[in-house]
Amino acid sequence: MRPILLIALKELRDGLRNRWVVAVTVLLAALALTLAFLGSAPTGALKVNALAVTVVSLSSLTIFLIPLVALLLSYDAVVGEIDRGTMALLLAYPLNRWQVITGKFLGHVASLAVSTIIGYGLAGLLLATTGDVDAATGEAFVLMVAASVLLGSVFIAIGTFVSTLVRDRGTAGGIAVGVWLVFVLLYDMGLLGLLAADQGRSVSAPLLNALLLLNPTDAYRLLTLTASTEVSGFAGLAGLGAGSALSPPSLVAALLAWTVLPLVAAMALFSRRQV
Amino acid sequence: MNAATLATDGCAATRKHPLSEPTVVLSGISRHYGRLLAVDDVDLTLHPGECIGLVGHNGAGKSTLIKLMLGLIAPTSGSIRVLGAEPGSRAAAAARARIGYLPENVSLSPSLTGAETLAFYARLKRQPVQANAGLIDRVGLAGARNRRVGTYSKGMRQRLGLAQAMLGHPRLMLLDEPTTGLDPELRHTFYGILGDLRRDGATVLLSSHALAELEGQVDRVVVMNRGRKVADGTLGLLRQLAAMQPKIRLRRQPSRGYDWSGWQEGPGGLIEIECDEAMLTDTLRQLPPDVRDVEIIRPSLDDLYASFQRGDA
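Taken in order, these protein sequences are the chains called A and B. Under the working numbering, the first sequence has 407 at position 130, and the numbering climbs by one with no breaks. Under the working numbering, the second sequence has 27 at position 23, and the numbering climbs by one with no breaks.
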C-alpha cells in the first residue's frame with residue numbers, strides 16, 4: 278500500500294509543480310464560466326434553472342475535453358519513464374510492478390480530480406450565488422462533476438494501458454489521439470449511421486443499450502443527462518431516460534468496468550515488459 | 005603474480021569475508037533478445053566487501069547483466085541468486101531493499117528538488133528521511149539540496165544518483181557506468197565513497213567501457229565481449245593471462261663490463277628488454293650501479309583490454 282501512495286503523491290506533486298494541474302484548472306474554469314453565463318441566456322428573464330442548462334452544456338463539453346486531457350496526462354506514464362531510465366530505477370526498489378501502475382493511475386486521477394472539481398466547482402458556485410438553485414439541480418451538478426472525474430479515470434486507465442503497450446512515446450501519443458477520436462467522434466457517428474440504415478429492423482433496444490455501454494462517453498452522457506428530470510428535460514433526453522433500461526447504477530458500473538479492465542490489462546502487460 | 009598485483013592494485017589488501025555467503029551467484033546465465041544473444045552462458049560470483057569492475061564495449065552485455073541481477077529482465081536460461089533470493093520472485097522484492105542501483109542514463113524528475121527526490125526514494129526504501137541530510141552532504145550536494153533537479157549539472161545529477169543508491173546501507177551496489185562524463189575531481193570523490201562502502205562489507209559492482217579508469221579502484225575485473233565473459237581476475241592476473249610482459253628501459257653508461265645481450269635499442273638512445281614478471285627484481289638487482297633513467301614499462305591497460313577483446317588470452 279505504501280509504495281502506491283508514495284508514487285501517487287509524487288505524480289500529484291509533479292503535476293502541481295509543472296503547472297499541469299493549474300493549466301487544466303484554468304482551462305476548465307474558463308470554459309465552464311463561459312458556458313454558465315452565455316449558456317444561461319436561453320432561460321430567459323425568469324432564470325429559473327440556469328444551473329440545469331449549464332449541466333447539459335458542461336457535460337457535452339466534458340465529453341470532448343476530459344477524455345483528451347486524461348489521455349494526454351497518462352499516455353506517457355510508463356513508456357516515458359522507461360525512456361528516461363527512471364522506471365528501471367523505480368523497479369530496483371522494494372515494490373511490485375502492479376503497485377507502480379496503481380500508484381501512477383491514482384496520482385493522475387487525483388490531479389485531474391483537483392482540476393475538475395475546482396474548475397467546474399467555481400462555475401457552479403458562481404451560478405448558485407447569482408440565481409435560485411433548487412436542491413435537485415444542485416445535486417445533478419455535483420453528480421455531473423463526480424461523473425466527469427469518473428470519465429477522466431476511464432481514459433487515464435486507457436492511456437496507462439496504451440503506455441504499457443508500445444515502446445515509443447510518439448507511438449503512444451498517436452494511439453492516445455486515435456482512442457480519443459474513436460470514442461468521442463467516430464463511435465457515435467457509426468452508431469448513428471447504423472441506426473439510420475437499420476430503421477429499427479434488427480437493432481433492438483437491449484442491443485442499443487449494450488452498444489451504448491460499450492462506449493464510456495455514451496455511458497457518461499446517459500448518466501449525467503438522465504439523472505434528474507430537470508436536466509433531462511433540457512437535454513431532450515426525457516423520453517430516453519424514462520424508457521431506457523440503463524439505470525444510473527448500471528451506467529456507473531459500466532464506467533467502473535471501463536476503468537478497471539484497462540488497468541488490469543496494463544498491469545498484466547507491464548509485469549512481462551522489459552525495462 | 006603478487007608483484008604485479010601489488011604494483012597495480014590500490015586495494016590489493018582484499019577485504020573478502022571468507023565465511024560469508026556470496027552476494028551474487030550467476031550460473032550459466034544466457035539472455036536472448038530475439039535472435040541477438042546479449043548474455044551468453046556467464047558464470048559469476050560476487051562476494052561481500054569486494055569491488056568488481058565490469059568492463060566491455062558498448063553492447064557487450066554489461067547493462068543486461070546488471071538488469072538480470074535486479075530482476076528487471078529474466079534470463080533465457082541459467083539461474084541467479086542475489087542476496088539469497090531469485091530476482092523477479094516475490095521474495096526478491098524484499099531483498100531489493102538492500103540493493104543500491106544507479107542506472108546508466110537516468111533523468112530524475114526535474115520539477116522536484118534534490119532533497120525531495122531523495123526523500124521520495126528513502127520512503128520507498130522505508131528509510132528515515134532525517135538521515136538524508138547526511139547523505140546529501142556526503143556526495144557534496146549540501147548547497148543545492150533545495151534547488152530543482154532540472155537546474156543541476158550532469159555531475160550534480162550523478163551525485164544525486166549515487167546518494168539515492170546509497171540509501172539504507174545496501175549490501176550490493178550495482179553502478180552502471182557511474183563515472184562516465186564526470187570530471188576527475190568528482191571521480192575521485194566517487195571512488196572515495198565506494199571505498200567506504202566496501203569497507204562496510206558491501207559488494208560494489210561498477211561497469212565501465214574503459215579498463216584504464218578502474219586501475220587502482222577495483223579488486224577484480226570481469227571483461228565482457230559480445231555477451232561472453234572473456235576474463236575474470238585481478239588486473240595482475242589478467243596481465244599474466246594476456247602474457248604481456250613488462251619492459252625495463254634505461255640509459256646505459258659506456259664502457260662497463262656488463263653483458264647487454266638481449267637488450268634492444270629503444271627510443272631516445274635508451275635500451276630496453278622484455279622480461280618475465282618473476283625475473284624482474286633479479287634483473288634490476290644485477291644492473292650496474294651507474295645506469296640512469298631506469299623505467300619499468302608495463303603494458304597499458306588499454307593494451308591489455310585490447311588483447312582480451314581480440315581473444316588472445
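For every residue, glycine included, the Cβ atom is placed at its ideal position computed from N, Cα and C. Values in this document were obtained by computation on a predicted structure and should not be read as measured data.
Three-state secondary structure (DSSP) of residue i
i	result
residue 322 of chain A	For residue 322 of chain A, the pLDDT reaches just 49, beneath the cut-off of 50, and the residue's location in the model is therefore unreliable, leaving the point undetermined.
residue 105 of chain B	strand
residue 129 of chain B	coil
residue 207 of chain B	strand
residue 154 of chain B	helix
residue 297 of chain B	strand
residue 117 of chain B	strand
residue 254 of chain B	strand
residue 245 of chain B	helix
residue 270 of chain B	coil
residue 57 of chain B	strand
residue 275 of chain B	strand
residue 212 of chain B	strand
residue 417 of chain A	helix
residue 89 of chain B	strand
residue 173 of chain B	coil
residue 264 of chain B	coil
residue 360 of chain A	helix
residue 298 of chain A	helix
residue 370 of chain A	coil
Enclosing beta strand (DSSP E) for residue i [first to last residue]
i	result
residue 32 of chain B	28-37
residue 177 of chain B	176-179
residue 228 of chain B	224-229
residue 84 of chain B	81-86
residue 49 of chain B	40-50
residue 232 of chain B	232-237
residue 217 of chain B	No beta strand (DSSP E) contains residue 217 of chain B, which DSSP labels as neither H nor E.
Nearest-angstrom Cα separation, counted from residue j out to residue i
i	j	result
residue 151 of chain B	residue 173 of chain B	25 angstroms
residue 284 of chain A	residue 251 of chain B	59 angstroms
residue 332 of chain A	residue 341 of chain A	15 angstroms
residue 235 of chain B	residue 538 of chain A	49 angstroms
residue 141 of chain B	residue 177 of chain B	20 angstroms
residue 524 of chain A	residue 480 of chain A	20 angstroms
residue 364 of chain A	residue 82 of chain B	25 angstroms
residue 276 of chain B	residue 268 of chain B	5 angstroms
residue 394 of chain A	residue 422 of chain A	7 angstroms
residue 109 of chain B	residue 310 of chain A	45 angstroms
residue 336 of chain A	residue 74 of chain B	47 angstroms
residue 171 of chain B	residue 59 of chain B	25 angstroms
residue 19 of chain B	residue 202 of chain B	Note on residue 19 of chain B: pLDDT 47, under 50, position unreliable in the model; no value is reported.
residue 322 of chain A	residue 360 of chain A	Any reading at residue 322 of chain A must be qualified, since the residue scores a pLDDT of 49, below 50, and its modelled position is unreliable; the value itself is stated next. So the two alpha carbons sit approximately 57 angstroms from each other.
residue 118 of chain B	residue 149 of chain B	5 angstroms
residue 373 of chain A	residue 289 of chain A	20 angstroms
residue 138 of chain B	residue 459 of chain A	53 angstroms
residue 467 of chain A	residue 447 of chain A	28 angstroms
Beta-carbon gap between residue i and residue j smaller than 9 angstroms
i	j	result
residue 51 of chain B	residue 68 of chain B	no
residue 227 of chain B	residue 56 of chain B	no
residue 219 of chain B	residue 239 of chain B	yes
residue 270 of chain B	residue 168 of chain B	no
residue 211 of chain B	residue 71 of chain B	no
residue 391 of chain A	residue 536 of chain A	no
residue 164 of chain B	residue 112 of chain B	yes
residue 384 of chain A	residue 291 of chain A	yes
Element boundaries [alpha helix (DSSP H), containing residue i]
i	result
residue 195 of chain B	188-203
residue 286 of chain B	284-289
residue 539 of chain A	525-549
Neighbour list for residue i in chain A, Cβ cutoff strictly below 7 angstroms
i	result
residue 127 of chain B	283
residue 310 of chain B	Simply none; closest approach about 30 angstroms.
residue 89 of chain B	What residue 89 of chain B touches in chain A: nothing, since even the nearest Cβ is about 11 angstroms away.
Chain-ordered neighbours of residue i on chain A, where CB pairs are closer than 8 angstroms
i	result
residue 136 of chain B	Simply none; closest approach about 15 angstroms.
residue 71 of chain B	365 and 552
Cross-chain neighbours of residue i in chain B, by beta carbon under 7 angstroms
i	result
residue 295 of chain A	115
residue 552 of chain A	76
residue 383 of chain A	Those do not exist, as residue 383 of chain A stays about 16 angstroms from chain B at its closest Cβ, beyond 7 angstroms.
residue 372 of chain A	97 and 128
residue 368 of chain A	76
residue 280 of chain A	128
residue 445 of chain A	Within chain B, no residue comes near residue 445 of chain A; the closest Cβ sits about 17 angstroms away, beyond 7 angstroms.
Residue i Cβ short of 8 angstroms to the ligand COA heavy atom set
i	result
residue 284 of chain A	Ligands in the displayed structure: none, and consequently the ligand COA is not present.
Chain-ordered neighbours of residue i on chain B, where CB pairs are closer than 8 angstroms
i	result
residue 483 of chain A	Result: empty, since nearest Cβ-Cβ is about 45 angstroms, beyond 8 angstroms.
residue 543 of chain A	Those do not exist, as residue 543 of chain A stays about 18 angstroms from chain B at its closest Cβ, beyond 8 angstroms.
residue 291 of chain A	113, 115 and 116
Beta-carbon neighbours of residue i, restricted to chain A and to distances below 9 angstroms
i	result
residue 109 of chain B	361 and 362
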